[in-house]
Amino acid sequence: MSLKNLEQKVDALFDTATAFRKEHKLGVYKKARLANTFRWEMKERGYDDSFTEMITEKLVVAVSKKD
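Residues in the sequence shown are numbered from -2 upward in steps of one, following the working numbering.
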């Protein structure tokens, strides 16, 4: 996967996460569940552990932002 393709996928992920946050009320436990599910899915798909942790942390920040 090229860097450009990866950047596009990450941007799309955060756009989707932002839309999801606007439609659903996520408390602490739901955010933690989302993060853990996402983290394990990334690991199962073979992504590097450091990349997985970094992108998961950014996902949590994205769904935690208030408008």
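Positions of the beta carbon are idealized from the N, C-alpha and C atoms, including for glycine. Keep in mind the model is a prediction, meaning the values are calculated, not measured.
Among the candidates the options, whose CA atom is the shortest distance from the CA of residue i?
i  : options       : result
K6 : V57, I52, R18 : I52
Residue i to residue j, Cα distance in whole Å?
i   : j   : result
V60 : F17 : 8 Å
V25 : L31 : 10 Å
E50 : Y44 : 10 Å
D46 : T34 : 14 Å
K19 : K40 : 27 Å
D12 : K22 : 17 Å
Please state whether DSSP places residue i in a helix, a strand or coil.
i   : result
S47 : helix
L0  : helix
When we look at the beta-carbon of residue i and count the other beta-carbons within 10 Å, is it buried (16 or more) or exposed?
i  : result
L0 : exposed
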